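Visitor: Structure provided below as structure tokens; questions to follow.
2 protein chains.
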Amino acid sequence: MKFSPLVQELIDTLKCLPGVGAKSAQRMAFHLLERNRAGGEKLANALGKAMIHIGHCQQCRNFTEDELCQICQSPKRKISETMCIVENPADVIAIEQTGEFQGRYFILMGHLSPLDGIGPDDLGLDVLSKQLETGQFREVILATNPTVEGEATAHYIAELASKYQLTISRIAHGVPVGGELEYVDGNTLSHAFSGRKSYQY
Amino acid sequence: MKFSPLVQELIDTLKCLPGVGAKSAQRMAFHLLERNRAGGEKLANALGKAMIHIGHCQQCRNFTEDELCQICQSPKRKISETMCIVENPADVIAIEQTGEFQGRYFILMGHLSPLDGIGPDDLGLDVLSKQLETGQFREVILATNPTVEGEATAHYIAELASKYQLTISRIAHGVPVGGELEYVDGNTLSHAFSGRKSYQY
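So the sequences go chain by chain: A and B.
Residue numbers for the first sequence follow UniProt numbering, beginning at 1 and rising by one.
Residue numbers for the second sequence follow UniProt numbering, beginning at 1 and rising by one.
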């Protein structure tokens, strides 16, 4: 015996969400049906609109329903001479929250991964090259994740960018602020030592 | 800085799902946008249809888009003399999977909880009374959860059903099959002892 067709369809489609299996999908379906029909309808609308209208910013590849995203539209950022390259839209949010960076972004939407068939073109590196060619930028900050794939991607982009006369930098590796040295892994610790800076009084 | 309006709306509405917070909602939104737009559209459709068309079975209160659910429609079950009362639609599925029960169900969609303002009418006990009045049923099996609220609900329904001449039974409490006695809680263990049966050779 199964649920009625529409209920079953709802449960099956909910399983397309990441981290949602059969039991969670069932729980979500019943929660919406029992306690939050209005929320469910809103979600259906938002999902429908989003799947159709949201595309990529033509400049930085971030998700947006417009031609250019809000950051690329900003007059201040338009004339910025610094570009920060990140893997995911979520990274942009994390960096924006620090308020440390006021330049433009470029979002790769992933990292180089030959085994998964993800090559330079999938990361929009052709689009990136064209933007670097214009000569607007003086510095490229490589802010890909500090993982093996992220490092490889950073390395690849650094080589690509070296053709244009600009400063290429990588975000610093080291011990995270607020952590205890005792629990920091050896790799990070050796990075922290090799990357040491003269003490600022 | 925030995401573009449509992306933000999608993330906000995803938070109405149970167990989904800000970070999970963000992850789900990006997953659908990046890797599974078709799945997202299907989900939007299924959700929209479900929220509008799915109502309750007029007989057993289970979720269904028809007037009667599949179980209540089944010719065999229609003439059944046994009724099993459960709290949630998921309980029906669990019982159906055992293949042990071939009668009709009644789904309370919750349990008595005066503090949350859930009284007998919210559980459809008036609908239940009318069905018991018909005299079709000979036995009512109380299969509410073995929790304090479930027991209280079972007790209330037992009193209600005692007006009609039928057998009222409660599912057995005892040690779960495959468990180890050492780890079974005392309450369950004492139930297992007081509910002991003569050994079947």
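For glycine and all other residues, C-beta sits at the position ideal for the given N, C-alpha and C.
Only a predicted model underlies this, so the values are computations on that prediction, with no experimental measurement involved.
#1: Taking Cβ to Cβ, would you say Y105 (chain B) is nearer than 8 angstroms to N145 (chain B)?
#2: Kindly indicate the opening and closing residues of the alpha helix (DSSP H) around T153 (chain B).
#3: Determine the chain A residues that contact S4 (chain B) at a beta-carbon separation under 9 angstroms, and present them in chain order.
#4: Check each candidate in B:E34, B:S80, B:I79 and B:G110 and name the one with the smallest Cα separation from V86 (chain B).
#5: Chain A beta carbons: is any one of them nearer than 8 angstroms to that of E100 (chain B)?
#6: Given this structure, state the Cα-to-Cα distance separating residue 206 (chain B) from E159 (chain B), to the nearest angstrom.
#7: Please say whether G19 (chain A) and L47 (chain B) have beta carbons closer to each other than 8 angstroms?
#8: Let me know the secondary structure DSSP gives G99 (chain B) once reduced to three states.
#9: Would you kindly work out how many angstroms separate the C-alpha atoms of S190 (chain B) and S4 (chain B), rounded to a whole number?
#10: Using the Cα positions of E151 (chain A) and G55 (chain A), report the straight-line distance between them to the nearest angstrom.
#11: Quick check on R27 (chain B) - is its C-beta less than 8 angstroms from some C-beta in chain A?
#12: If the cut-off is 8 angstroms on Cβ atoms, which residues from the region 26-45 of chain A count as contacting chain B, listed in chain order?
#13: Would M83 (chain B) count as contacting chain A if we go by Cβ distances under 8 angstroms?
#14: Taking P176 (chain B) as the reference, which of B:A154, B:V127 and B:N187 has the closest Cα?
#15: With a cut-off of 8 angstroms, does the C-beta of V177 (chain A) fall near any C-beta of chain B?
#16: Could you check the C-alpha separation between T82 (chain B) and I157 (chain B) for me, to the nearest Å?
#17: Between A44 (chain A) and L33 (chain B), is the Cβ-Cβ spacing less than 8 angstroms?
#18: At 7 angstroms on the CB atoms, spell out the chain A contacts of E9 (chain B), in chain order.
#19: At which residues does the alpha helix (DSSP H) containing V7 (chain A) begin and terminate?
#20: Skipping 5 residues on each side, what residues in its chain have a beta carbon closer than 7 angstroms to that of C57 (chain B)?
#21: Going by CA-CA distance only, name the one from B:V148, B:L166 and B:S194 that's closest to Q136 (chain B).
#22: Only counting the same chain, and skipping five residues up and downstream in sequence, which positions put a Cβ closer than 6 angstroms to that of L10 (chain A)?
#23: Residues of chain B with a CB under 8 angstroms from the CB of N88 (chain A): which are they?
#24: Excluding the 5 residues flanking H155 (chain B) on each side, which residues of the same chain have their C-beta closer than 6 angstroms to its C-beta?
#25: Report back the beta-carbon spacing between G103 (chain A) and C84 (chain A) to the nearest angstrom; my notes put them in contact at under 8 angstroms.
#26: Give the residues from the region 104-117 of chain B that approach chain E closer than 7 angstroms (Cβ to any Cβ), ordered along the chain.
#27: Could you have a look at Y183 (chain A) and say whether DSSP puts it in helix, strand or coil?
#28: Using a beta-carbon distance below 8 angstroms, is K78 (chain A) in contact with chain B?
#29: Return yes when the Cβ of I141 (chain B) is within less than 8 angstroms of the Cβ of S162 (chain B), no when it is not.
#30: Counting only beta-carbon separations shorter than 8 angstroms, does K49 (chain B) have a partner in chain A?
#31: Quick one: give me the first and last residue of the alpha helix (DSSP H) that L132 (chain A) is part of.
#32: Does DSSP put V92 (chain B) in a helix, a strand or coil?
#33: If you measure beta-carbon to beta-carbon, which residues of the region 119-152 of chain B are closer than 8 angstroms to chain A?
#34: Hey, could you find the ends of the beta strand (DSSP E) R104 (chain A) is sitting in?
Guide: Here's the rundown:
#1: Here residue 105 (chain B) is taken as the residue at index 105 of the second sequence, counted from 1. Here residue 145 (chain B) is taken as the residue at index 145 of the second sequence, counted from 1. In this structure, N145 (chain B) does not lie closer than 8 angstroms to Y105 (chain B) by Cβ.
#2: Start at 1 with the first residue of the second sequence, and residue 153 (chain B) comes out as number 153. Taken as a continuous stretch (DSSP letters only), the alpha helix (DSSP H) holding T153 (chain B) covers V148 to A161.
#3: Here the question's residue 4 (chain B) lines up with position 4 in the second sequence. In chain order: I54, C57, N62, F63, T64, E65, D66, C69 and Q70.
#4: Along the second sequence, read from residue 1 onward, the residue named residue 86 (chain B) stands at position 86. When only C-alpha atoms are compared, the closest one is B:G110.
#5: Sequence index remark: in the second sequence, residue 100 (chain B) carries index 100 (1-based). Answer no: the Cβ-Cβ gap between E100 (chain B) and chain A never drops below 8 angstroms.
#6: The structure shown does not extend to residue 206 (chain B), since chain B spans only 1 to 201, so no value can be given for it.
#7: The count along the second sequence starts at 1 and reaches residue 47 (chain B) at position 47. The count along the first sequence starts at 1 and reaches residue 19 (chain A) at position 19. Not closer than 8 angstroms, so no.
#8: Taking the second sequence and counting its residues from 1, one reaches residue 99 (chain B) at position 99. Correct three-state label for G99 (chain B): coil.
#9: In the second sequence, residue 190 (chain B) corresponds to position 190, counting from 1. In the second sequence, residue 4 (chain B) corresponds to position 4, counting from 1. The alpha-carbon atoms of S190 (chain B) and S4 (chain B) are separated by roughly 59 angstroms.
#10: Position 151 of the first sequence holds residue 151 (chain A). Position 55 of the first sequence holds residue 55 (chain A). Using only the alpha carbons, I get a separation of about 27 angstroms.
#11: Translated into positions along the second sequence, residue 27 (chain B) becomes position 27. The beta carbon of R27 (chain B) falls within 8 angstroms of a beta carbon belonging to chain A, placing the residue at that interface.
#12: So the close ones are Q26, R27, M28, A29, F30, H31, L32, L33, E34, N36, R37, G39, G40, E41, K42, L43, A44 and N45.
#13: Mapped onto the second sequence, residue 83 (chain B) falls at position 83. No, M83 (chain B) does not count as interfacial toward chain A.
#14: Along the second sequence, read from residue 1 onward, the residue named residue 176 (chain B) stands at position 176. By alpha-carbon distance to P176 (chain B), the top candidate from B:A154, B:V127 and B:N187 is B:N187.
#15: In the first sequence, counting from the first residue as 1, residue 177 (chain A) sits at position 177. No, V177 (chain A) lies away from the interface with chain B (no Cβ there is under 8 angstroms from its Cβ).
#16: Residue 82 (chain B) sits at position 82 when you count from the first residue of the second sequence. Residue 157 (chain B) sits at position 157 when you count from the first residue of the second sequence. Cα to Cα, T82 (chain B) sits roughly 15 angstroms from I157 (chain B).
#17: In the first sequence, residue 44 (chain A) corresponds to position 44, counting from 1. In the second sequence, residue 33 (chain B) corresponds to position 33, counting from 1. L33 (chain B) sits away from A44 (chain A), with the two beta carbons spaced by 8 angstroms or more.
#18: In the second sequence, the residue the question calls residue 9 (chain B) occupies position 9. Neighbours of E9 (chain B) in chain A, taken as residues whose beta carbon is under 7 angstroms from its own, are A46 in chain order.
#19: On the first sequence, residue 7 (chain A) is found 7 positions in, with the first residue counted as 1. V7 (chain A) -> alpha helix (DSSP H) spans P5 to L14.
#20: As a first step, residue 57 (chain B) must be located in the second sequence, where it is residue number 57. T64, L68, C69 and C72.
#21: Within the second sequence, the letter at position 136 stands for residue 136 (chain B). Nearest option by C-alpha distance: B:L166.
#22: Locating residue 10 (chain A) in the first sequence gives position 10, counting from the first residue. Here the set comprises A29.
#23: What you label residue 88 (chain A) is simply residue 88 of the first sequence in a count that begins at 1. Annotation: Cβ neighbours of N88 (chain A) in chain B (cutoff 8 angstroms, chain order): F30.
#24: Along the second sequence, read from residue 1 onward, the residue named residue 155 (chain B) stands at position 155. In its chain, beyond the 5 residues on either side, no residue has a beta carbon closer than 6 angstroms to the beta carbon of H155 (chain B).
#25: Taking the first residue of the first sequence as 1, we reach residue 103 (chain A) at position 103. Taking the first residue of the first sequence as 1, we reach residue 84 (chain A) at position 84. Their Cβ separation, rounded to whole angstroms, is 6 angstroms, which keeps G103 (chain A) and C84 (chain A) in contact under 8 angstroms.
#26: In the structure shown, chain E cannot be found, because the protein chains are A and B.
#27: Here residue 183 (chain A) is taken as the residue at index 183 of the first sequence, counted from 1. Of the three classes helix, strand and coil, the one that applies to Y183 (chain A) here is helix, per DSSP.
#28: The residue given as residue 78 (chain A) occupies position 78 in the first sequence. No, K78 (chain A) lies away from the interface with chain B (no Cβ there is under 8 angstroms from its Cβ).
#29: By 1-based counting over the second sequence, the position of residue 162 (chain B) is 162. By 1-based counting over the second sequence, the position of residue 141 (chain B) is 141. Contact annotation: S162 (chain B) and I141 (chain B) have beta-carbon atoms that are not nearer than 8 angstroms.
#30: Here residue 49 (chain B) refers to the residue found at position 49 when the second sequence is read from its first residue. It does; some Cβ of chain A falls within 8 angstroms.
#31: Taking the first residue of the first sequence as position 1, residue 132 (chain A) is located at position 132. Note, L132 (chain A): alpha helix (DSSP H), L125 to E133.
#32: Residue numbering aside, residue 92 (chain B) sits at position 92 when the second sequence is read from its first letter. Helix.
#33: For the region 119-152 of chain B, which is checked against every Cβ of chain A, not one residue is closer than 8 angstroms.
#34: Locating residue 104 (chain A) in the first sequence gives position 104, where the first residue counts as 1. Unbroken beta strand (DSSP E) run through R104 (chain A): R104 to I107.
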